[in-house]
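Per my numbering: the sequence shown ends with 555, consecutive numbering throughout. Have a look at the structure below before the remarks.
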Amino acid sequence: MKKIISILTCFLYTLFLSGQTVSVSATKMNLFYNGLPNPFKVVVENQDCNNIVVKATKGEIEGKECEYIYRFVDSTVNSTTTKIYVGINRKKTINWIDSVEYRINKLPDPTPTINWKMISIIREHGLKYYQENSGDENYTLGIINEQLNFDYMLYIPVIQYSIKIIRQDSVIFENKQIFGAKIMKNIVDKYLIAGKAGDMVIVYDIISQAPDGGKRRYDKLEYQLK
330 MKKIISILTC FLYTLFLSGQ TVSVSATKMN LFYNGLPNPF KVVVENQDCN NIVVKATKGE
390 IEGKECEYIY RFVDSTVNST TTKIYVGINR KKTINWIDSV EYRINKLPDP TPTINWKMIS
450 IIREHGLKYY QENSGDENYT LGIINEQLNF DYMLYIPVIQ YSIKIIRQDS VIFENKQIFG
510 AKIMKNIVDK YLIAGKAGDM VIVYDIISQA PDGGKRRYDK LEYQLK
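Written out as structure tokens, the structure reads:
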């Protein structure tokens, strides 16, 4: 009987290689992401998981019991490929059965945002109202860097940003190269909550630490106080 090998990362198609039926399932179209842990599962018909061996031409694989994580980390690479080889371990001799090729892509840029709605609520109703209705006595405002339209919720950490407040074409406050994603409480209190309607808040030079080890810089965020 032919062995049926399944490598699942989510898409469905069937290959006929080396006289064996190989079934591959992947919603990512056989795609791994540079810097992320990429889970996949390997099943070989009539074979115990303990007998299955996998290797890759690039990157690293770890796992057991048919469940594996593939990792490739290189910030200088935008796109490349790797092959996942599947073998059967028989008395310390590995019989390599087949392989499936995967693309490795750079993770698309996430979208930085700021929860300005919180400031609008506080400006309109007061801090006490916000605290009583949200249960958040230590309100904070920060830059959220979300990977939109991804397979799962993924946030990329912001490590630095700059901020300035403009009033009638004049810069009334500016703080450059602030480390982290949190907008400091004194800035929120003095310039956002107590600021004047029409003041323009500009957050710029936003830098995040990408999973592939590189740094990403994003366009500025602008918000006008109401």
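Where a beta carbon is used, it is the ideal one built from N, C-alpha and C, also for glycine.
In the three-state DSSP reduction, K525 falls in the coil class, being neither helix nor strand. Your pair I398 and N367 checks out as a contact, with CB atoms roughly 7 Å apart and the cut at 8 Å.
For S491, the enclosing beta strand (DSSP E) covers residues 487-496.
Taken through DSSP and simplified to helix, strand or coil, S404 comes out as coil. A straight line joining the alpha-carbon of T440 with that of W425 spans about 42 Å. K384: member of the beta strand (DSSP E) spanning 381-385, first to last residue. As the crow flies, the alpha-carbon of K555 is around 25 Å from that of Y547. DSSP places E551 inside the beta strand (DSSP E), whose first and last residues are 550-553.
One thing to note: I531 has its Cβ no nearer than 7 Å to the Cβ of K514. Non-local beta-carbon contacts of S408 in its own chain, meaning distances under 8 Å to residues more than five positions away in sequence, involve R432, I433, N434, K435 in chain order. In the three-state reduction of the DSSP assignment, D518 falls in the helix class, which pools H, G and I. Out of V429, P437, V382, the CA that lies nearest to the CA of I485 is found in P437. When the beta-carbon positions are compared, E391 and K412 stay at least 7 Å from each other. Within its own chain, the residues whose Cβ lies closer than 6 Å to the Cβ of K384, once the five positions on either side in sequence are excluded, are Y414, listed in chain order. Annotation: the continuous beta strand (DSSP E) that includes K370 extends over 367-373. Per DSSP, E394 lies in no alpha helix (DSSP H) and is assigned neither H nor E.
Partner residues in the beta bridge of Y533, as assigned by DSSP, are S491. Taken through DSSP and simplified to helix, strand or coil, N363 comes out as coil.
Only residues of its own chain outside the window of five on either side were considered, and among them I495, Q553 have a CB closer than 6 Å to the CB of M529, listed in chain order.
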